[in-house]
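S.K.: Each residue of the sequence shown is one higher than the last, beginning at 1 in UniProt numbering.
A virtual CB, placed ideally from N, CA and C, is assigned to each residue, including glycine.
No experiment lies behind these values; they were computed from the predicted model shown.
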Amino acid sequence: MVAWCRRVAEDPRFQAFILGVIVFNAVLMGLETSRPLMHAYGPGFAAINAAVQAVFVAEIVIRLLAHAPRLDRFFTDGWNVFDFIIVTLSLLPVAGPFATVSRLARLLRVTRVVSLSPDLRLIIGTMLRSIPSLGNVAMLLGVLIYVYAIAGFYQFNRTAPEDWGTLGAALLSVFQMLTLEGWVEMQAAVLPRHPYAWIFFGTFVVIGIFIVLNLFIAVVLNNLEKVQAEERAEEQAGDAPEQDLLRQVEALKAQLDAFETVLRNQRQQNTTGAANTGSAGGGDIAAR
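1. Give me the residue from Ala-9, Glu-234, Leu-221, Ala-233 with the minimum Cα distance to Thr-126.
2. Using CA atoms only, rank isn't needed, just tell me which of Val-81, Leu-92, Glu-235, Val-206 is closest to Arg-112.
3. Can you tell me whether Trp-4 is buried or exposed, with buried defined as 16 or more other CB within 10 angstroms of its CB?
4. Express the C-alpha separation of Phe-74 and Leu-64 in angstroms, rounding to a whole number.
5. So Gln-15 packs on Leu-116, CB below 8 Å; how close in whole Å?
6. For Ser-173, is the classification buried or exposed, using 16 other Cβ atoms within 10 angstroms of its Cβ as the cut-off for buried?
7. For the segment 43-60 against the segment 124-144, do three or more pairs of beta-carbon atoms, one drawn from each stretch, fall closer than 8 Å, so that the two count as touching?
8. Relative to the alpha-carbon of Val-87, which residue among Val-57, Val-114, Leu-104, Leu-107 has its alpha-carbon at the smallest distance?
9. Could you give the residue range of the alpha helix (DSSP H) that holds Ser-173?
10. Can you find the residues in the same chain that come closer than 7 Å, C-beta to C-beta, to Leu-19, ignoring five residues on each side of it along the sequence?
11. Does Gly-42 come out as helix, strand or coil in the three-state DSSP assignment?
12. Between Glu-178 and Ile-199, how many whole angstroms is the CB-CB distance? I'm expecting something under 8 Å.
13. Reducing DSSP to helix, strand and coil, say where Leu-92 ends up.
14. In this structure, does DSSP put Gly-135 in helix, strand or coil?
15. Between Trp-79 and Arg-121, is the Cβ-Cβ spacing less than 8 Å?
16. State the DSSP-derived secondary structure class of Thr-33, mapped to helix, strand or coil.
17. Look at the alpha carbon of Leu-37 and the alpha carbon of Ile-207, and state the distance between them as a whole number of angstroms.
18. Is Arg-121 a contact residue of the ligand PLP, with contact defined as CB to any heavy atom under 7 Å?
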């Protein structure tokens with residue numbers, strides 16, 4: 001039973017089937033937002049949801065049994081814990097005090113597509129790994145926005161009070177410039193009275209977007225390379241016992257081949273010696 005569960009859990013066809021069920025569940029939840037459809041096919045949707053839930057429960061049970069007898073190993077993987085919690089919470093009744101939790105768990109079942117895709121797991125792991133470094137870059141960006149907001153307030157609060165009249169409006173305007181949305185119009189509104197305003201807007205676009213935002217990308221790419229290197233190291237470490245066993249088997253095979261060669265040579269020597277002895281004995285008899 002355990003061996004069968006392991007084969008099923010590691011079978012790409014089984015994983016593709018579960019991925020298809022997750023996508024089907026996502027489409028089903030989208031259809032359930034239609035009141036006419038729910039009014040006409042509500043019981044059918046409920047039956048299909050029950051079948052989907054049964055598939056997810058069976059999947060978790062198979063993956064648990066695949067780790068038998070050490071079931072605790074299943075929970076050493078964060079993605080396994082994530083799947084287990086979502087499937088468990090979705091078993092709560094859709095009515096009563098746990099209705100909201102149950103609906104949220106059903107919605108989160110769609111996110112299980114991340115745990116089934118190695119590439120998506122790599123992306124999520126990279127983003128989580130990048131949070132500390134991104135915090136430093138975000139702090140730098142926050143300081144830049146604050147400085148430019150105050151500078152814009154003092155320069156343009158009378159010319160364009162709707163954009164720069166208060167510190168809050170100035171902060172919002174600078175953040176809007178960060179998205180490259182409407183900054184040309186804001187610049188055009190103040191240029192008649194402030195001909196050098198282009199320096200303010202141009203330097204922020206260059207520093208804030210082409211430098212600071214690219215730092216975010218650099219941090220993510222750097223951590224992506226680190227995560228990929230760690231995964232390769234883990235794969236090599238996991239293959240090390242198998243490689244050692246293979247080397248031992250090859251060494252044992254070489255020893256057996258050498259032993260077989262020695263036995264063959266010894267057998268040939270014994271055969272040759274017996275033949276010589278027989279020939280010598282025949283010669284003695286003839287001489288007599």
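M.R.: So, to answer that:
1. Nearest option by C-alpha distance: Leu-221.
2. When C-alpha distances from Arg-112 are compared across Val-81, Leu-92, Glu-235, Val-206, the shortest belongs to Val-81.
3. The residue is exposed, with fewer than 16 neighbouring Cβ atoms inside 10 Å.
4. For Leu-64 and Phe-74, the distance between alpha carbons rounds to 6 Å.
5. Confirmed, about 6 Å.
6. Buried, because 16 or more other Cβ atoms sit within 10 Å of the Cβ of Ser-173.
7. The segment 43-60, when compared against the segment 124-144, does not touch it at the 8 Å Cβ threshold.
8. Checked all of Val-57, Val-114, Leu-104, Leu-107; the closest Cα to Val-87 is Val-57.
9. Per DSSP, Ser-173 belongs to the alpha helix (DSSP H) from 167-178.
10. If we look at Leu-19 and ignore the five residues flanking it on each side, its Cβ neighbours are Val-113, Leu-116.
11. Here DSSP, grouped into helix, strand and coil, assigns Gly-42 to helix.
12. Per the sequence presented here, residue 178 reads as Leu, with Glu not at that position. Not really, about 17 Å apart at Cβ, beyond 8 Å.
13. In the structure shown, Leu-92 sits in coil (DSSP, three-state: anything other than H, G, I, E or B).
14. Three-state DSSP puts Gly-135 in a helix.
15. In contact: Trp-79 and Arg-121 (Cβ atoms closer than 8 Å).
16. Correct three-state label for Thr-33: coil.
17. Take the alpha-carbon of Leu-37 and the one of Ile-207: they are about 52 Å apart.
18. Absent from the structure shown: the ligand PLP. Ligands present: none.
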